[in-house]
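A.B. asks: For reference, the structure I am asking about is given below.
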Amino acid sequence: MKMNSLMILLCCVVLVVTESTSATSIVTTNSPRTTPQIDKIKMPSGTINKQLLQEYLQQFLPEGLSRTLKEMLDDSGTGFSPATEAILAMIETQICPVESKVCDPMGTENWLFGCNCRIAITKLGYHCKRLPCRAFRRLRADGPLVLRRLLALDGPGRLVAGTDILVEYLVKPLFEALCECPKVVDASLTCVQKYNGKFFEKTNRNRTEFDEFVRSMDWKSLKKVMNVWLIESWCGNIDGRNCIEDLGNNFRLSAEFLENTFAGRDVCISLVRSANEINRYLDANLNKGSLNDMVDAFWDVEKIVTCDPGCAPEIAEKYYTCCAKKSLEVSRTKSMKRALVKVAKSFYGKTPKLGSIIDKYLSIYDVEEFCRGQTDVYGKKNDVCEAISY
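Residue numbers (the numbering used here): 14 to 403.
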């Protein structure tokens, strides 16, 4: 079961926004921080380190997010506050500018994203160049309802319920739009790569780290990786099933995994069976362990979670659909490996045996071979899927 950073981020947002004072809550509301405060989770195979888990979750969320999101609503809770509306109106002028043949880099409608970004988006064509504006306006219209529904959640099951809300209003519309206009991915990355807006100047922020990131990144490889993960993996239908629906189910399953883990439930849809390995992964991630250490620990976690003969049938039933199989296959091609190696090098610099490390990471994506000798449920599912024309 592969949980990516976006899945974890959405789950963390739900945890923070829906914090409550109920006895079953995993959030300690009298804590000075708004990041989820997780009680010690005891496992048959060990104990997940509470401090490491909290620090890991804090990477995904800024301080004070819960308070900030609540303050975005007006007193009635049915609309945005006047201050929020003013900010959104300013942003809308940048995302939905009055079209002109010439882009003025100092113009009031171009300072946030810059003219290079405006040009890249304009090249998408009449329909797709309007996608960012349509998406923003939909988010602006639905935002109060989404926040109100999230804030109303309480008690057990709120993590899964909250993730369902975000999948409905954010994940599915985003991926449907990307599948409709796939070139938006490259254009968006170009906006970062060739950024010439005035955000840093207007906000008095130092752009040294941003410029260093831009210089060090292999942009061609990053575009390859993002197109595979966002477009090739989940766009399309298999046997009449929309793969974006399966993606939404995977987000929900990730929330179930985390909710059961936080509750210390020793069930298949939980990380309780891999407590020691989770601790190794968290430690390597937080304490600047080597990429090799992180991949080794992640590999071991997946081996337990995915291949345990007693749980593999349930994991396969809930997660390993034909759409998931396709997404894993396109993510482990030779061209994808080359791109991942170059992107990893951009982030981690010269790393010994980087190709071998990426090979080990990608071996997880061949689930049948990864679990060979422990279970054959994934092989049987592959046979079913291969009989269906993609």
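Note that beta-carbon positions come from the ideal geometry of N, C-alpha and C, so glycine has one too.
Predicted, not measured: the structure shown is a model, and the values here were computed from it.
Below 8 Å, how does it come out for the stretch 376-383 and the stretch 314-331: are there three or more Cβ pairs, yes or no?
C.D. replies: Because the criterion of three Cβ pairs below 8 Å is met, the stretch 376-383 and the stretch 314-331 touch.
A.B. asks: Considering just the uninterrupted stretch of the alpha helix (DSSP H) at PHE275, what are its terminal residues?
C.D. replies: By 1-based counting over the sequence shown, the position of residue 275 is 262. Note, PHE275: alpha helix (DSSP H), 256-275.
A.B. asks: By the three-class DSSP mapping on this structure, what secondary structure does THR388 have?
C.D. replies: Here residue 388 is taken as the residue at index 375 of the sequence shown, counted from 1. THR388 falls in the coil class under three-state DSSP.
A.B. asks: Cα separation between LYS136 and PHE188?
C.D. replies: Walking along the sequence shown from the start, residue 136 turns up at place 123. Walking along the sequence shown from the start, residue 188 turns up at place 175. LYS136 and PHE188: Cα-Cα distance of roughly 20 Å.
A.B. asks: Which one or two residues does DSSP pair with PHE93 in a beta bridge?
C.D. replies: By one-based count along the sequence shown, residue 93 stands at place 80. The partner list for PHE93 (beta bridge, DSSP) reads LEU86.
A.B. asks: Would you mind giving the Cβ-Cβ distance between ALA337 and ASP259, rounded to the nearest angstrom? I have them listed as a contact below 8 Å.
C.D. replies: Residue 337 sits at position 324 when you count from the first residue of the sequence shown. Residue 259 sits at position 246 when you count from the first residue of the sequence shown. Sure, about 6 Å apart at Cβ, within 8 Å.
A.B. asks: Specify whether the stretch 250-267 and the stretch 168-178 touch according to this definition: at least 3 beta carbon pairs, one from each stretch, less than 8 Å apart.
C.D. replies: Yes, the stretch 250-267 touches the stretch 168-178.
A.B. asks: So, does the stretch 297-311 touch the stretch 60-73, judging by three or more C-beta pairs under 8 Å?
C.D. replies: Contact holds: three or more Cβ-Cβ distances are below 8 Å.
A.B. asks: From which residue to which residue does the alpha helix (DSSP H) around CYS148 run?
C.D. replies: Locating residue 148 in the sequence shown gives position 135, counting from the first residue. Correcting the residue type first, residue 148 is Ala in the shown sequence and not Cys. First-last of the alpha helix (DSSP H) with ALA148: 144-165.
A.B. asks: Quick one: what's got a C-beta closer than 7 Å to ALA352's C-beta in the same chain, skipping five residues either side?
C.D. replies: The residue you call residue 352 lines up with position 339 of the sequence shown. The residues are SER234, LYS237 and VAL238.
A.B. asks: Would you grab the beta carbon distance between LYS63 and TRP124 for me? Rounded to a whole angstrom, and I think it's under 8 Å.
C.D. replies: As a first step, residue 63 must be located in the sequence shown, where it is residue number 50. As a first step, residue 124 must be located in the sequence shown, where it is residue number 111. So it is not a contact: roughly 44 Å between Cβ atoms.
A.B. asks: Is GLN107 buried or exposed, if buried means 16 or more other CB atoms sit within 10 Å of its CB?
C.D. replies: As a first step, residue 107 must be located in the sequence shown, where it is residue number 94. That one is buried.
A.B. asks: Once you ignore the five residues that flank GLY368 on each side, which residues in its own chain have a CB closer than 7 Å to its CB?
C.D. replies: Translated into positions along the sequence shown, residue 368 becomes position 355. Result list for GLY368: VAL354, in chain order.
A.B. asks: To the nearest angstrom, report how far apart SER344 and ILE251 are at their CA atoms.
C.D. replies: Counting from 1 along the sequence shown, the entry for residue 344 is found at position 331. Counting from 1 along the sequence shown, the entry for residue 251 is found at position 238. Whole-angstrom Cα-Cα distance: 17 Å.
A.B. asks: May I ask you to verify whether the stretch 285-293 touches the stretch 177-193, counting CB pairs closer than 8 Å and requiring at least 3?
C.D. replies: Touching, no, given that fewer than three Cβ pairs across the two stretches are closer than 8 Å.
A.B. asks: Rounded to whole angstroms, how far is the Cβ of LEU243 from the Cβ of LEU202, which I believe are closer than 8 Å?
C.D. replies: Against the sequence shown, residue 243 aligns to sequence position 230. Against the sequence shown, residue 202 aligns to sequence position 189. Between LEU202 and LEU243 the Cβ distance is about 11 Å, and since that is not below 8 Å, they are no contact.
A.B. asks: Going by beta carbon distance, what residues of the same chain come within less than 8 Å of LYS358, once the five residues before and after it are set aside?
C.D. replies: The sequence position of residue 358 within the sequence shown is 345, counting from 1. Same-chain partners within the cutoff: ASP231, THR364 and LEU367.
A.B. asks: For ASP177 and VAL115, what's the separation of their Cα atoms in angstroms?
C.D. replies: For the purposes of this step, residue 177 is taken as residue 164 along the sequence shown, with counting starting at 1. For the purposes of this step, residue 115 is taken as residue 102 along the sequence shown, with counting starting at 1. Rounded to the nearest angstrom, the two C-alpha atoms are 43 Å apart.
A.B. asks: Consult DSSP for ASN250 and reduce its assignment to one of helix, strand or coil.
C.D. replies: The sequence position of residue 250 within the sequence shown is 237, counting from 1. In the structure shown, ASN250 sits in a strand (DSSP, three-state: E or B).
A.B. asks: Secondary structure at THR364, three-state DSSP: helix, strand or coil?
C.D. replies: Within the sequence shown, residue 364 is the residue found at index 351, counting from 1. Coil.
A.B. asks: Are the stretch 83-103 and the stretch 151-168 in contact at 8 Å, needing three or more beta carbon pairs?
C.D. replies: Yes, they touch.
A.B. asks: Whole-angstrom Cβ separation of ASN209 and GLY127, contact assumed at under 8 Å?
C.D. replies: As a first step, residue 209 is located in the sequence shown; it is residue number 196 there, counting from the start. As a first step, residue 127 is located in the sequence shown; it is residue number 114 there, counting from the start. Going by Cβ atoms, the distance from ASN209 to GLY127 rounds to 4 Å, so yes, they are a contact pair.
A.B. asks: Ordered along the chain, which non-local residues of its own chain (more than five positions away) have a Cβ less than 6 Å from that of ASN292?
C.D. replies: In the sequence shown, counting from the first residue as 1, residue 292 sits at position 279. The answer, listed in chain order, is ASN62.
A.B. asks: With DSSP as the reference, label THR60 as helix, strand or coil.
C.D. replies: Here residue 60 refers to the residue found at position 47 of the sequence shown. Correct three-state label for THR60: strand.
A.B. asks: Per DSSP, what kind of secondary structure is ASN129 in: helix, strand or coil?
C.D. replies: Within the sequence shown, residue 129 is the residue found at index 116, counting from 1. ASN129: helix per DSSP, three-state reduction.
A.B. asks: Whose CA, out of LYS394, CYS248 and ARG162, lies closest to the CA of GLU327?
C.D. replies: In the sequence shown, counting from the first residue as 1, residue 327 sits at position 314. Of the candidates LYS394, CYS248 and ARG162, the one whose C-alpha sits nearest the C-alpha of GLU327 is LYS394.
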